[in-house]
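> Each number in this note's numbering corresponds to the 1-based position in the sequence shown with 121 added.
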Amino acid sequence: MRKARLIYNPTSGREEMKRRLADILQRLDNAGIETSCHATTGEGDATLAAAEAVDRGYDLIIAAGGDGTLNEVINGMAEKENIPPLGVFPLGTTNDFARALGISKNWEEYCDLVIRNETRPIDLGKANDRYFINIAGGGTLTELTYEVPSKLKTMIGQLAYYLKGLEKMVSLTPQELIINANGQAPIHDEFMVFLIANSNSVGGFEKLAPGASIDDGLFDVIALRKCNLAEFVRVVHLALRGEHLNDKRVIHFRTDYMEVVSPGPVQLNLDGEFGGVLPGTFRNLPQHLRIFT
122 MRKARLIYNP TSGREEMKRR LADILQRLDN AGIETSCHAT TGEGDATLAA
172 AEAVDRGYDL IIAAGGDGTL NEVINGMAEK ENIPPLGVFP LGTTNDFARA
222 LGISKNWEEY CDLVIRNETR PIDLGKANDR YFINIAGGGT LTELTYEVPS
272 KLKTMIGQLA YYLKGLEKMV SLTPQELIIN ANGQAPIHDE FMVFLIANSN
322 SVGGFEKLAP GASIDDGLFD VIALRKCNLA EFVRVVHLAL RGEHLNDKRV
372 IHFRTDYMEV VSPGPVQLNL DGEFGGVLPG TFRNLPQHLR IFT
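#1: Determine the contact status of Phe403 and Tyr378, defining contact as a CB-CB distance below 9 Å.
#2: Under a Cβ-count criterion, where at least 16 other Cβ atoms within 10 Å of its own Cβ denotes burial, should Arg126 be classed as buried or exposed?
#3: Could you tell me which uninterrupted alpha helix (DSSP H) segments, each at least 4 residues in length, are contained entirely in the region 226–263, listed from first to last along the chain?
#4: Is Ile350 buried or exposed, if buried means 16 or more other CB atoms sit within 10 Å of its CB?
#5: Can you check the region 331–381 for any alpha helix (DSSP H) of at least 4 residues that lies completely inside it and give the ranges in chain order?
#6: With 16 as the cutoff for other CB atoms within 10 Å, does His365 come out buried or exposed?
#7: Is it right to say Leu316 is buried, meaning 16 or more other beta carbons lie within 10 angstroms of its own, or is it exposed?
#8: Is the CB-CB distance between Val235 and Met198 below 9 Å?
#9: Would DSSP call Arg404 helix, strand or coil?
#10: Quick check on Met122: does DSSP put it in helix, strand or coil?
#11: Express the C-alpha separation of Asn227 and Val357 in angstroms, rounding to a whole number.
#12: Could you please give the first and the last residue of the uninterrupted beta strand (DSSP E) stretch that includes Gln296?
#13: May I have the straight-line CA-CA distance separating Cys158 from Asp250, to the nearest angstrom?
#14: What did DSSP end up calling Val398 once you bin it into helix, strand or coil?
#15: Around the C-beta of Met138, are 16 or more other C-beta atoms found within 10 angstroms, so that it is buried, or is it exposed?
#16: Looking at the structure shown, is Glu164 part of a helix, part of a strand, or coil, going by DSSP?
Here's what the structure looks like:
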């Protein structure tokens, strides 16, 4: 019998896991997967729970929640030896990573996939001393994902991000950045935002990094040069259609390593969570983790 540890955020997805938990445990148990649970209680708790689960020798770990919960779980697993495979129940507001891998929101289908033990290796990103699974970035607009209160996300979902985004847009300011990446000449300019994508789904945009792959050992880097509000809105409309990469204000390249510095304070966003401030060193860790998908 396999042993699993289910780490879940009880407030994600309008508290859907609370309603489904008994059914999920029963379905896994009927298939020979003995599953114990840990309900997160606050920031950082999922990281501690995941690290403990690896140390205790669980055969698999399942993260149930949004991208923030998933980020905490992989930070508890990434530096361990003999890392078990990870399952993902997407219950958050955006679920970028699950969308990129085509992970079903149907809990029965995903339980069956875990039962069949179908996994694939994926890359992880490391930003300074923290890990990310989907996206790292910086700039004023990236701050909105961790500034939206969790209760508001629970109540109105994706609309909470749109409301915060409108508030941010009127105060967008460029920030001076120096970017050094493998295979690229140094870039020194003013930017509205920079994104380091590990998959093709970022911030609800499924075409923001259309060529990105989760297992190719490379990041897709996208940076938007200084522009006014009208130009910014125009680029956003292009991004919705996946037509922004050829715009003269957009820089796009692929790399497995890069450094970003700034003379001013620039906050980092890792999978929708606060990730410290620049300077930042970003490394791709090829096929570092196995995911049920």
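Each residue gets a CB set at the ideal place from its N, CA and C atoms; glycine is no exception.
Judging by the given coordinates:
#1: yes
#2: buried
#3: 228–236
#4: First, the residue type needs correcting, since residue 350 is Leu and not Ile in the sequence shown. With fewer than 16 Cβ atoms within 10 Å of its Cβ, Leu350 is classed as exposed.
#5: 350–361
#6: buried
#7: buried
#8: no
#9: strand
#10: coil
#11: 31 Å
#12: Gln296 to Ala302
#13: 28 Å
#14: strand
#15: buried
#16: coil
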